[in-house]
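Residue numbers (the numbering used here): 1 to 489. Working notes, structure below.
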């Protein structure tokens, strides 16, 4: 192979210049590595866990899915897993926070060993979820799940010195709570220690504060707070009941050093506040929202803010109950109303219905006609009979229409019925030939009679009427014969 010749460009650096460049390159890499190491030390920690406890149907899975930003409608069994994306906007860092949701059945409480261990306990946040639509279950649920968590922590067999250190951390965080009004929006999102923070005066804990210290932060979340209006309308709940419920929850929170927040997924109330508070407790983010106790369905009490004197303000409105009264004696479960479901009525097919009606009508005995049941007096006065009316032309001789005599009320039923039939048929004929009293009735009758006489079927009807009239003459008095009208004369 031909040797490769190295060409040195004019003005190229010599060996000493190359050494200087290597030193500058090493300095550059050192600065980059030191910057990366600095950033890695300030990155969001991973492996944080949220332990969620609550009864079945309390809305714990729906709540956490809403914080995650998804519509998670599936309900799991045993131990569910979700995660929350936590973003540090100040340092543009992103991490995931694990969410473990324990089933409402105590049978599955042993699954907690897969969610939290002795090493990961200090990186956990316990969330107790209670259902405000069923307020009579709140205190029992809180006591039950707090006992489950306490039993699990005891089973982890954490060294006493480590457990004591965790408990002291909780006490210090509770005592050093400060109102967030002094926080400025331009400050970093991650909390920085103030210059005079070490010199702050630490007040002693109250008598009933942190008496059941678990060594980890605790948060109580009341879901379905939109049901407060339903409780007022349907169960006659008043301000006193809601203050009594809040009083008991806050006293329970003091024992565990817990925060309290009322939420509503349906109305999306306090969900963003809940997310920010969780990020503050888990990752020490800056938190600028003070306690909210004015609205009864949007209460927020951060850990460290509450005390016995503030809770006693609620007791001033009590009139029918005392603060120390048992919770279950005043907030009772309403009686269960038995729902009477109306039987669904299915309309049958129209043709089937008509067939049934036809069969029923066929089974019924034949009923007499209307004409045979009406009284003779009503028929004589109410039937549209042209005979005997003023201005009614009567045609004699070969006319197809003859005057019909009124039946005597004293006559026999058979003869009266025949007279009624005669009047009925005669009225039909008179309607066809022309109405009485109409314009041109005098001349119109003659023409109509001629036209009707031309019909071959009409003579048979007239012959039958004449026969019935002759039979009637033998029983009808001559006084009932109507006088002839002017046109007949």
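From the three backbone atoms N, C-alpha and C, an ideal C-beta is built for every residue, glycine too.
Got a sec? Which residues, its chain only, sit under 6 Å from residue i by beta carbon, not counting five neighbours each side?
i: residue 48; result: 97, 123 and 282
i: residue 468; result: 418 and 422
i: residue 315; result: 323
i: residue 280; result: 287
i: residue 158; result: 118
i: residue 275; result: 67
i: residue 141; result: 55 and 130
Determine the contact status of residue i and residue j, defining contact as a CB-CB distance below 7 Å.
i: residue 213; j: residue 170; result: yes
i: residue 217; j: residue 290; result: no
i: residue 50; j: residue 127; result: yes
i: residue 226; j: residue 172; result: no
i: residue 261; j: residue 221; result: yes
i: residue 43; j: residue 93; result: yes
i: residue 129; j: residue 69; result: no
i: residue 66; j: residue 271; result: yes
i: residue 125; j: residue 102; result: no
i: residue 333; j: residue 136; result: yes
i: residue 304; j: residue 177; result: yes
i: residue 132; j: residue 224; result: yes
i: residue 242; j: residue 309; result: no
i: residue 121; j: residue 152; result: no
i: residue 99; j: residue 64; result: yes
i: residue 327; j: residue 139; result: yes
Going by the DSSP bridge assignment, what does residue i pair with across the sheet?
i: residue 99; result: 50 and 82
i: residue 242; result: None, per the DSSP bridge assignment.
i: residue 220; result: 128 and 260
i: residue 93; result: 88
i: residue 292; result: 300
i: residue 172; result: BP columns for residue 172 are empty, so no partner.
i: residue 276; result: Answer by DSSP bridge pairing: none, since residue 276 is not bridged.
i: residue 269; result: 264
Excluding the five sequence neighbours on either side, which residues of its own chain have a C-beta within less than 7 Å of the C-beta of residue i, listed in chain order?
i: residue 435; result: Bear in mind that a pLDDT of 48 at residue 435, under 50, signals an unreliable position, so the model cannot answer this.
i: residue 311; result: 247, 250 and 251
i: residue 238; result: none
i: residue 116; result: 49, 51 and 124
Take residue i and list the residues in its own chain whose beta-carbon comes closer than 8 Å to its own, dropping the five residues that flank it on each side.
i: residue 110; result: none
i: residue 307; result: 206, 209 and 254
i: residue 490; result: Look at the range of the chain in this structure, 1 to 489, and you will see that residue 490 is not part of it.
i: residue 299; result: 222, 246, 260, 261, 262, 292 and 293
i: residue 45; result: 95, 123 and 283
i: residue 105; result: 56
i: residue 230; result: 133
Problem set entry | Length-filtered (4 minimum) alpha helix (DSSP H) runs lying within the segment 104-167 | 138-155
Problem set entry | Contained alpha helix (DSSP H) runs [length at least 4] in the segment 321-366, N- to C-terminal order | 327-330 and 350-363
Exercise. Given 8 Å as the limit, is there contact between the segment 23-34 and the segment 53-64, that is, 3 or more CB pairs closer than that?
Worked result: no
Exercise. Taking contact to mean at least 3 C-beta pairs separated by less than 8 Å, is the segment 232-246 in contact with the segment 263-277?
Worked result: no
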